[in-house]
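Participant: Going by my numbering, the first residue of the sequence shown is number -6, and it counts up by one from there.
All C-beta atoms, glycine included, are put in the ideal place defined by N, C-alpha and C.
The structure is given below, and queries will be raised subsequently.
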Amino acid sequence: MIIRKKFRFEGAHIVRNCTSQRCRENIHGHSYEVEVFLKPDRSPNNLVIIDPVLLNNIKEFISSFDHAFALWNMESDEVKDGIYRINTRVAEIPVSPSAEGYSLLFSFVISQMIMAAKLADTGGEVKLHAVGVHETQSGYAESLVDDVSLVQFTVEDIKFNEGIKREWRDKEWWFRLLNVNKL
Ligand SMILES: [Zn+2]
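Next up, the structure:
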């Protein structure tokens, strides 16, 4: 059994390693659709219940990228300074902000969230199967949970600026996640 939850956000970026010159040299945006695929952790005979706290945290995490600039942390200081100067909402991330980068980043963070929920005993009986990110009508990337084991970054490498953080309903969820990552 696969359970699918859909989320949406409007995001801006520059993708330096993009094949198209327009894409790698210009700030532009997309209407993203994110599909999170979860699987029952045990026998699906009983009703699978996804903890609403976990779902809200996934929603809060993805909406942190909404109307935000996704800034690759390998950009030059000059670009970074300019982006921070003109945007209220900036998410600095350790992957190039392509659909592939987003799907890997989201898979990693959501798998950490599920682990945190399990430690708090509120996770419900689910595990991550995959995260798919639709960037355009024809462009889609999906990261499977096995890809998460190849990740070279940590939750600490993702930096949401104050403009994003101040809109979080639960101000502590990210810090709880940072602490789980240190275990
Ligand atoms: Zn783009």
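1) Spell out the partners DSSP gives residue 95 in its beta bridges.
2) Only counting runs of 4 or more residues, tell me where the alpha helix (DSSP H) segments fall wholly within the segment 102 to 174, in order along the chain.
3) Beta-carbon within less than 7 Å of residue 127's beta-carbon, same chain only, minus the 5 sequence neighbours each way: which residues are those?
4) Examine ligand 1 and report whether any of its heavy atoms sits within less than 7 Å of the Cβ of residue 8.
5) What are the residues that DSSP puts in a beta bridge with residue 60?
6) Do you know whose CA, among 168, 172 and 162, lies nearest residue 56's CA?
7) Identify, in the order they occur along the chain, each residue of the same chain with its Cβ nearer than 6 Å to the Cβ of residue 120, setting aside the five sequence neighbours on each side.
8) To the nearest whole angstrom, what separates the beta carbons of residue 81 and residue 4, a pair I think is in contact under 8 Å?
Facilitator: Taking the geometry as given:
1) Looking at the DSSP assignment, residue 95 forms no beta bridge with any residue, so it has no partner.
2) Taken in chain order, the complete alpha helix (DSSP H) segments of 4 or more residues contained in the segment 102 to 174 are 155 to 158 and 166 to 174.
3) These residues qualify, in order along the chain: 25, 26 and 133.
4) yes
5) Per DSSP, none; premise fails for residue 60.
6) 162
7) 32 and 34
8) Actually they do not touch by this definition, with Cβ atoms about 14 Å apart.
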